[in-house]
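Residue numbers (my numbering), protein chains in the order written: chain U, 1 to 208; chain R, 1001 to 1091.
By construction, the Cβ of each residue, glycine as well, lies at the ideal position given by its N, Cα and C atoms.
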């Protein structure tokens, strides 16, 4: 039983780790692009199209805040799991039942502790994804507006590049949101199962 | 470990750690408990006969008894099942 359990445990821990690393990377990108677009929108206010720039600036500010919250939440959740992952990677030879169970207990406790944060991250991912998609659409509108200007220079293509970046990050965020839902669903089932296990363990303790 | 654990998980941790004789302070440090809760858990396990106490001068040593074997194996089985039977998360 241990080999199968260990293999499943390793796969899941690795998937979780990759998800959170990608999440931190995309969160950092959200901060960077949020700040960049916010500054660009404010700097360009004098050039006209004020309503569009104010709207882009406001959404960028929201993206910046969401990105910051996104990175901080990811790092908090990642902390405990990194330690467990390091321990199992450093472990050489067959893993005894006791050690594996200890890791499972710690992961379970980690999920209990971070359950609310992970749910919040699911919401942040969805909101961040929608905000990035919205900025991407606004960039497309800007690009199309500028293309129509006969005096426009080579810079008329820049909003299309920005739109590409924003839409990619937006879609990635929505994908992460889906992964977080799947992760939470698997762990919520496990927590339900531990609640049932508690009844069995309690009966065992009472019998003796 | 400062995360939220259930009492059953803490009992398991104490019992596994005490497979070799341990002092009270070592147990509470290892299992991240304060003196009050540590004392409660250890007393409970002693009353159940899962831990035995040996006094050596001024120090007490706690050791897991054979009686705890059933609880330990049941706990291991139940927790490993969490990864065996429930479809896991994969990217």
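- For residue 1016(R), the chain U residues whose Cβ falls inside 9 Å of its Cβ are 98, 101 and 102, in order along the chain.
- Approximately 7 Å separates the beta-carbon atoms of residue 1078(R) and residue 200(U); this is inside 8 Å, confirming the contact.
- By the neighbour-count definition (other C-beta atoms within 10 Å, threshold 16), residue 1057(R) is an exposed residue.
- Membership of residue 153(U) in any beta strand (DSSP E) is not indicated, and neither H nor E is assigned to it by DSSP.
- Taking 8 Å as the cut-off, the Cβ atoms of residue 1080(R) and residue 104(U) count as close.
- For residue 1051(R), no chain U residue has a C-beta closer than 8 Å to its own C-beta; the minimum C-beta separation is roughly 13 Å.
- Contact with chain U is found for residue 1084(R), since one of that chain's Cβ atoms lies less than 8 Å from the residue's Cβ.
- In the structure shown, residue 1059(R) adopts extended strand secondary structure according to DSSP, grouped into three states.
- Counting only residues of its own chain and dropping the five nearest sequence neighbours on each side, residue 1050(R) has a CB closer than 8 Å to the CB of 1011, 1015, 1064, 1065, 1067, 1068 and 1071.
- Cβ neighbours of residue 1048(R) within its own chain (closer than 7 Å, five residues either side excluded): none.
- Between the alpha carbons of residue 116(U) and residue 1073(R) lies a gap of roughly 31 Å.
- For residue 1050(R), no alpha helix (DSSP H) encloses it, and the DSSP letter there is neither H nor E.
- Exclusion of the five residues before and after residue 1019(R) leaves 1064 as the residues of its chain whose Cβ lies within less than 7 Å of its Cβ.
- Here DSSP, grouped into helix, strand and coil, assigns residue 1006(R) to coil.
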